[in-house]
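Residue numbers for the sequence shown follow the working numbering, so the first one is 212 and each next one is one higher. Beta carbons are placed, not taken as given, at the ideal position from N, Cα and C, and that holds for glycine.
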Amino acid sequence: MPGFDDDDAWQKAVDGVRPLGGRPPHTAKPRPVEPPPRVAPAPAPPRVVEVERVVEVERVVEVERVVEVERVVEVEKVVHRVARVEVEVVTQVVIPLAALLDERGVEGPERPRVLAAMAEAPLSGVIEATDAQVARELLDRHLALRCDQPECAAPHAVTIEVPRARCEACGGSDLDRDGARVRDACAAAGVRSILIVGGSPTYRVVLERIFPAGGRPKVRLIPGDRPRTADKARADLAANDRVVVWGGTILNHATSAPYRGANVITLSHRGLSGMLRQLAERLGSKG
Ligand SMILES: [Zn+2]
212 MPGFDDDDAW
222 QKAVDGVRPL
232 GGRPPHTAKP
242 RPVEPPPRVA
252 PAPAPPRVVE
262 VERVVEVERV
272 VEVERVVEVE
282 RVVEVEKVVH
292 RVARVEVEVV
302 TQVVIPLAAL
312 LDERGVEGPE
322 RPRVLAAMAE
332 APLSGVIEAT
342 DAQVARELLD
352 RHLALRCDQP
362 ECAAPHAVTI
372 EVPRARCEAC
382 GGSDLDRDGA
392 RVRDACAAAG
402 VRSILIVGGS
412 PTYRVVLERI
422 FPAGGRPKVR
432 LIPGDRPRTA
442 DKARADLAAN
452 DRVVVWGGTI
462 LNHATSAPYR
472 GANVITLSHR
482 GLSGMLRQLA
492 ERLGSKG
């Protein structure tokens, strides 16, 4: 409407005015309820958005860094645990093994040969053994340090060849000469039979050669890892003039314990030759 650009003023002006043609009079129209003004969020200046994005990236990087640090700490813990286990293994197995090889007189370049032999049966049990005594017995039974003389051979054991002076059978001496000393001492002492308790089956083979069946003295060997009942031990003591308990070799307490008495001789020399020399001396002193 020309002249009225204000809606209110127009309504006021026409209020009650009856238009022509009998139409109802104008009334003031109720004012439309205006919707609350829409508050549009103020657009963030682009610089702020950029800063927020950078802050978010930094936060993610920091979280990843913390996760990475935690992962490294975990890995370090595992490495530490593994190192500790290795130390324990070294303590339990390798150090006693070195000591056991020292006990047996395995030295220098013989050591790698013995260790290589442990990769396979019958010596592999030494590596798995957690008990030093078990490892010692396995070495006693299955490892032989022998010279190159055929009569010293240990056919049932892993043999490491050593100089004659260190041969566990002859010790560099003449076994027949040592056997002859024992024979002489036995003859002088009236000893006709000897039972040796201890040693490995390989020593038995050598003894059978030195003291052939049917000769004097009659020499028999009971391996030191066979338990012996008190009854059998009594029978052995009754049947033999002397019983030698050979402590320098494989000898379980259960095997040696039942042997007690005046005709029991305890010897400690490891090698067969040394044992025979000791035996000759002891028989002589009893003579
Ligand atoms: Zn020998």
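- Taking 8 Å as the cut-off, the beta carbon of I461 is found closer than this to the beta carbon of R352.
- Residue range E321 to A328 is occupied by the alpha helix (DSSP H) that includes L326.
- A contact is defined here as three or more CB-CB pairs under 8 Å, and the region 336-347 meets this definition with respect to the region 311-327.
- For S496, the uninterrupted alpha helix (DSSP H) segment begins and ends at L483 to K497.
- Those residues placing their Cβ nearer than 7 Å to any heavy atom of ligand 1 are, following chain order, R357, C358, Q360, C363, R375, C378, A380 and C381.
- Where T370 is concerned, the enclosing beta strand (DSSP E) starts and stops at V369 to E372.
- About 14 Å separates the Cβ atoms of G458 and L483, ruling out a contact at the 8 Å cut-off.
- In the DSSP assignment, V454 falls within the beta strand (DSSP E) that extends over R453 to W457.
- Below 8 Å, enough C-beta pairs join the region 395-408 and the region 428-443 to call them touching: three or more.
- Boundaries of the alpha helix (DSSP H) harbouring A400: L386 to A400, taken from the DSSP string.
- According to DSSP, A355 shares a beta bridge with T370.
- Taking a cut-off of 8 Å on C-beta distances, the region 393-403 does not touch the region 363-371, as fewer than three cross pairs fall below it.
- Burial of Q489 is indicated by the presence of at least 16 other C-beta atoms within 10 angstroms of its C-beta.
- From the listed residues P307, E318 and E263, the smallest Cα separation to I338 is found for P307.
- Contact between L494 and V402 holds: their C-beta atoms lie close to 6 Å from each other, under 8 Å.
- Under the DSSP definition of a beta bridge, L406 partners with R431 and V454.
- T477: member of the beta strand (DSSP E) spanning V475 to L478, first to last residue.
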